[in-house]
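**Q** Structure below; questions to follow.
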Amino acid sequence: MAEVYQSPSVSEITAALTSQFPDVEILSTEERRVKAKCPREISHDVCQFIHDNLTFEHCSVVTAVDYVDHLMVVYLLANYYNGIMIDLDVDVPADDLHIACVTDIWEGANWHERETWELFGIVFDNHPRLERLLTPQNYEFFPFRKSYKMRSQE
6 MAEVYQSPSV SEITAALTSQ FPDVEILSTE ERRVKAKCPR EISHDVCQFI
56 HDNLTFEHCS VVTAVDYVDH LMVVYLLANY YNGIMIDLDV DVPADDLHIA
106 CVTDIWEGAN WHERETWELF GIVFDNHPRL ERLLTPQNYE FFPFRKSYKM
156 RSQE
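Letter by letter, the sequence shown follows residues 6 to 159 of the numbering used here.
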């Protein structure tokens with residue numbers, strides 16, 4: 006008889022994350038959702054663990070939120086076996102907008118990281134092709150930042 010794949014439950018995911026990475030904070034859980042936060046310095050290691058050990062094979066979203074004094078990178082990660090999603094938040098200081106690229110873990114994160122860089126100015130270190138997708142090549146602004154001022158209509 007074939008062995009049935011058993012994917013981790015929400016409680017097993019939270020236990021594994023906090024056991025492996027004591028600095029990961031579980032912010033909330035729901036039936037098929039884990040909301041967690043981790044320090045920027047270990048974000049790549051946490052993502053690698055989530056992919057390799059918890060079988061989260063899809064990175065649905067990489068985006069950012071501007072809190073003025075800092076930005077937050079948000080990863081939405083999916084496990085197709087059990088339908089659980091992890092919302093992983095990583096604070097990035099406003100004076101050092103660098104974070105590790107996760108394209109080596111999830112190839113699909115490539116365009117998400119490029120778009121987040123282009124619109125927020127967050128640099129994904131070691132990204133294979135961090136270049137503009139939506140705005141002109143000589144564009145100097147980051148339109149999704151709260152500091153971005155649109156020209157007034159006259």
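C-beta atoms are modelled at their ideal positions from N, C-alpha and C, and glycine is treated no differently.
Just confirm the distance between the C-beta atoms of Ser65 and Ala83, as a whole number of angstroms; I'd bet it's less than 8 Å.
**A** Numbered from 1 along the sequence shown, position 60 holds the residue referred to as residue 65. Numbered from 1 along the sequence shown, position 78 holds the residue referred to as residue 83. Correct: roughly 5 Å between the Cβ atoms.
**Q** If you follow the alpha helix (DSSP H) that Asp50 is in, where does it begin and where does it stop?
**A** Locating residue 50 in the sequence shown gives position 45, counting from the first residue. Ser48 to Leu59 is the span of the alpha helix (DSSP H), which, as asked, contains Asp50.
**Q** What are the residues that DSSP puts in a beta bridge with Lys151?
**A** Counting from one through the sequence shown, the residue named residue 151 turns up at place 146. DSSP, once it has assigned bridges, lists no residue as partnering Lys151.
**Q** Using CA atoms only, rank isn't needed, just tell me which of Pro13, Phe149, Phe26 and Asp74 is closest to Gln53.
**A** As a working note, residue 53 is residue 48 in the sequence shown. If we check each option's Cα against that of Gln53, Phe26 comes out closest.
**Q** May I have the straight-line CA-CA distance separating Pro148 from Ser12, to the nearest angstrom?
**A** As a position in the sequence shown, residue 148 is number 143, starting the count at 1. As a position in the sequence shown, residue 12 is number 7, starting the count at 1. Approximately 40 Å between the Cα atoms of the pair.
**Q** On the three-state DSSP scale, how would you describe Leu139?
**A** Counting from one through the sequence shown, the residue named residue 139 turns up at place 134. DSSP places Leu139 in coil when its eight states are reduced to three.
**Q** Please say whether His56 and Trp111 have beta carbons closer to each other than 9 Å?
**A** Here residue 111 refers to the residue found at position 106 when the sequence shown is read from its first residue. Here residue 56 refers to the residue found at position 51 when the sequence shown is read from its first residue. It is a contact, given that the beta carbons lie within the stated cut-off.
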